[in-house]
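Okay, structure first, notes after.
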Amino acid sequence: MEFRSARHTDNLGRIKNFYTNVMGLTVLFSFEDHNSYSGVFLGKEGHDWHLEFTTSGDKAEHKFDAEDILVFYPTHQEEYDEIIHQIEANNIEKLKARNPYWNDNGIMIQDPDGFHVIVSNLKIK
């Protein structure tokens, strides 16, 4: 089974920059003006998941709360260290999670749409 998480955004360029330059994802596919939608698929080559972000003339209407979180588990120390470096180099504020588990086991930040993202080192081999 493959997995795709799709989300509409008014900030496609900023979202693409955040998830590629900060989180280390790769642009797997992009499209322009397909039935008035443009978008990008971001992920890791050879994996069975990706994130899709789209934009159109319709305004994104996000409804989320503090428990709506994307959690990333880098599997190599170098990958984790690079993400942390990019968070610091881009002056991205580290946030306190509502769930104390994530404060002990990850670092929480926000993407350009305000969604929470956690980076955890629990799966490093």
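Quick note on our numbering: the sequence shown kicks off at 1352 and runs consecutively. Glycine is no exception: its CB is placed at the ideal position from the N, C-alpha and C atoms.
Continuous alpha helix (DSSP H) stretch holding residue i: start and end
i	result
R1365	L1363 to N1368
I1435	Q1428 to A1440
Y1424	Unbroken run through Y1424: none, as it is neither H nor E.
D1455	P1451 to N1456
Cutoff 6 angstroms; reference residue i; Cβ partners in own chain excluding five residues on either side
i	result
Y1370	L1376 and L1393
S1356	L1402
Q1437	V1373
I1366	T1360, F1404 and P1463
S1389	E1383 and T1406
F1354	W1400
Cβ-Cβ distance between residue i and residue j below 9 angstroms
i	j	result
M1374	I1469	no
A1448	A1411	no
I1460	K1445	yes
I1420	H1385	no
H1413	G1465	yes
Distance between beta carbons of residue j and residue i, contact taken as under 8 angstroms
i	j	result
D1361	T1406	7 angstroms
D1398	K1476	The question names Asp, but residue 1398 is His in the sequence shown. That pair is no contact at about 16 angstroms.
S1381	Y1424	25 angstroms between Cβ atoms; not a contact.
Cutoff 8 angstroms; reference residue i; Cβ partners in own chain excluding five residues on either side
i	result
S1387	S1407 and G1408
M1352	D1399
E1502	Nothing can be reported for residue 1502, as the shown portion of the chain is limited to 1352 through 1476.
Unbroken beta strand (DSSP E) run spanning residue i, endpoints
i	result
T1377	T1377 to H1385
F1404	W1400 to T1406
G1397	Careful: G1397 lies outside any beta strand (DSSP E) and carries neither H nor E.
F1415	No beta strand (DSSP E) holds F1415; DSSP gives it neither H nor E.
Cβ-based neighbour list, residue i, same chain, cut-off 7 angstroms, excluding 5 preceding and 5 following
i	result
W1453	M1459 and I1469
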